[in-house]
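Here is the structure we will look at, set down as structure tokens.
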Amino acid sequence: MIGVTDLNSFITFEEAYHQLMIELINLQIHKIKNVI
């Protein structure tokens with residue numbers, strides 16, 4: 036489920052940070068669905 040993200044594809048720190056937040060939220064959703 037967890038893949039490797041190519042950090043060179045991001046132009047700015049903000050883009051990389053937002054992608055990290057998206058991935059963390061998706062991981063939380065996946066974990067919650069496993070509990071239910």
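Residue numbers (the working numbering): 36 to 71.
Even for Gly, the Cβ is constructed at its ideal location relative to N, Cα and C.
In the three-state reduction of the DSSP assignment, VAL70 falls in the helix class. The Cβ atoms of PHE48 and GLN54 lie no closer than 8 Å to each other.
Straight through space, the alpha carbons of VAL70 and ILE57 are spaced by roughly 20 Å.
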